[in-house]
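Have a look at the structure below before the remarks.
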Amino acid sequence: MTAAVPPRGTDRFDLTGRTAVVTGAARGLGRSFAVGLAEAGADVVLVDLPGADGVAETAAAVEALGRRSWTYGQDLADIEALAGFVDTVRAETGPLHILVNNAGTAALERFNEITPASWSHIMRVNVDAVFFLSQRIAEHMTADGVAGRIITITSKNALVAEAGLAHYNASKAAAQLLTETLAVELAPHGITANTLAPGMVETPIDGEFPFDREAFESAYRERIPLGRYAQPDECVGALLLLASDAGAYLTGARLVVDGGVLADQMPRMRFMPPYRNTV
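Counting along the sequence shown from 1, when you hit position 266 you're at 268 in the working numbering, and nothing is skipped either side.
This is the structure we're talking about:
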């Protein structure tokens, strides 16, 4: 296979003429990803739960950039419906070039409190939906002759465990190895599959927390070498690398955007003497 001559400079990140699908697009990282892809020139298919608040605002932000948007309400936990859903999207929007598996769910529960229903729901959204959505979209990519991009948003929890999140940790680790398998199987078709693993991000979080959340977040920020949570937009650059020609030779890879958390096995810095410049 002869590689095409790559574009130069910032043209490497140009997504003009391509259509991206973003799940969980109503807010948070999903909205930032959708807008970032539109800024790079892509038209964007926005997917979230039926009636999800915020999808219209995301669509307006995409269209304000002169790009087209399509909005779909689809429960990704309904695995059996996903193939037909993808077929409908492809028929209405044309060829699909980029899939961002961003939608996900979590529940904070000790391991002995997890019920079969809770375990099953998290796995269906975080693993099953990722697979079957990727499977069907990849089928359309190959049929359309599209050298597409599949990007799954995992988490640092795909790489290290965290108490109270056994099902979430397991689902993200599964999504990582699943994506690597897709990378191998889809490579002959010119389709890449990679993951982006964020750390702690300033996004809206629903649900009750059985502890002092403010104290937890303050302690966690001390654990992050960069000293703060990420803003959603700070994950967009990594996404554009994986979505564009700039990352054409990246497949089966993971990009960790965590402010340095995984690089620091022990938060020793706070116990060391103050930094002294030797210049």
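Cβ atoms here follow ideal geometry from the backbone N, Cα and C, with glycine treated the same way. The structure displayed is predicted, hence computed values, not measured ones.
Asked: Going by Cα to Cα distance, which pick from 82, 84 and 46 is closest to residue 68?; Found: 46
Asked: Quick one: Cα of residue 20 to Cα of residue 78, how far?; Found: 23 Å
Asked: Taking its Cβ as the centre, do 16 or more other Cβ atoms sit within 10 Å of residue 200, making it buried, or is it exposed?; Found: buried
Asked: For residue 135, count the other beta carbons within 10 Å of its own beta carbon; 16 or more makes it buried, fewer makes it exposed. Which is it?; Found: buried
Asked: With burial defined as no fewer than 16 other Cβ atoms inside 10 Å of the residue's Cβ, what is the status of residue 34: buried or exposed?; Found: buried
Asked: Measuring alpha carbon to alpha carbon, tell me which of 42, 43 and 56 ends up nearest residue 29.; Found: 56
Asked: Indicate the three-state DSSP secondary structure (helix, strand or coil) for residue 200 in the structure shown.; Found: strand
Asked: With three or more C-beta pairs closer than 8 Å as the rule, is the segment 148-158 touching the segment 245-260?; Found: yes
Asked: Answer yes or no: do residue 37 and residue 238 have a C-beta to C-beta separation smaller than 9 Å?; Found: yes
Asked: Which one of 189, 205, 206 and 184 has the shortest CA to CA distance from residue 197?; Found: 184
Asked: Comparing alpha-carbon positions, which option in 114, 226 and 129 lies nearest residue 263?; Found: 226
Asked: Bridge partners for residue 48 per DSSP, in chain order?; Found: 24 and 73
Asked: Please classify residue 12 as buried or exposed, where buried requires at least 16 other C-beta atoms within 10 Å of its C-beta.; Found: exposed
Asked: Quick check: residue 124 and residue 169, are their CB atoms within less than 9 Å of each other?; Found: yes
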